[in-house]
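Residue numbers (my numbering): -16 to 105.
Note that CB positions come from ideal geometry on N, CA and C, so glycine has one too.
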Ligand code: FES
């Protein structure tokens, strides 16, 4: 599913193609895998966000979370911990540790690409 592409705008970061941008509607989230690592991709207000797909509390997949577009938070479906979509910060307990976020861009030919930073760079 992943097709690693070089990043012309930021040569320091490599990007992986995950899906055509047209396949995700605003307010939707979808689980993807980058080299076996689970990531949840979210489209909100026309922009894309990528977050590790494991809640920092008890590892529940955040792809099954609710998304509150007013507060821009992912709400874990297991115990209700909330995470800021833009920063990964845990903002509602029982989650207290942040989740990892990754850069996202849309290529000229309309594909969503996730930056291979942090745990995805390994
Ligand atoms: S597993 Fe997500 S809040 Fe507990």
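Practice prompt. State the start and end residues of the unbroken beta strand (DSSP E) segment that holds residue 17.
Written response: Looking up residue 17 in the chain shown gives position 34. From DSSP, the beta strand (DSSP E) with residue 17 extends over 12 to 17.
Fill in: Inter-residue Cα distance where the pair is residue 79 and residue 61
Counted from its first residue, the chain shown places residue 79 at position 96. Counted from its first residue, the chain shown places residue 61 at position 78. Roughly 15 Å separates the two Cα atoms.
Worksheet item: For the ligand FES, which residues have a Cβ under 7 Å from at least one heavy atom, in chain order?
Response: For the ligand FES, the residues with a Cβ under 7 Å from any of its heavy atoms are, in chain order, 38, 40, 41, 42, 43, 59, 61, 62, 63, 64, 77 and 78.
Worksheet item: Since residue 97 sits in a beta bridge, which residues does DSSP pair it with?
Response: The residue labelled residue 97 in the question sits at position 114 within the chain shown. Here residue 97 is bridged, per DSSP, to -1 and 87.
Worksheet item: In chain order, what residues of the same chain lie with their CB nearer than 8 Å to the CB of residue 83, ignoring the 5 residues before and after it?
Response: Position 100 of the chain shown, counted from the start, is the residue given in the question as residue 83. The answer, listed in chain order, is 34, 35, 71, 101 and 102.
Item to complete: Assign residue -5 to buried or exposed, taking buried as 16 or more other Cβ atoms, counted over all protein chains shown, within 10 Å of its Cβ.
Response: As a working mapping, residue -5 is identified with position 12 in the chain shown. Exposed: under 16 other Cβ atoms inside 10 Å.
Worksheet item: Along the chain, which unbroken stretches of the beta strand (DSSP E) at least 3 residues long are found entirely within the region 26 to 83?
Response: DSSP runs (the beta strand (DSSP E)) wholly in the region 26 to 83: 30 to 35, 49 to 51, 56 to 58, 65 to 67 and 73 to 75.
Item to complete: Using alpha carbons as the reference points, say which of 45, 54, 52 and 68 lies closest to residue 15.
Response: Here residue 15 is taken as the residue at index 32 of the chain shown, counted from 1. Comparing alpha carbon positions, the residue from 45, 54, 52 and 68 closest to residue 15 is 45.
Worksheet item: Among 11, 18 and 24, which residue has its Cα nearest to the Cα of residue 87?
Response: Sequence index remark: in the chain shown, residue 87 carries index 104 (1-based). When only C-alpha atoms are compared, the closest one is 24.
Worksheet item: Thinking C-alpha only, which one of 50, 18 and 104 is nearest residue 10?
Response: As a working mapping, residue 10 is identified with position 27 in the chain shown. When C-alpha distances from residue 10 are compared across 50, 18 and 104, the shortest belongs to 50.
Worksheet item: In three-state terms, what does DSSP make of residue 103?
Response: Counted from its first residue, the chain shown places residue 103 at position 120. Correct three-state label for residue 103: helix.
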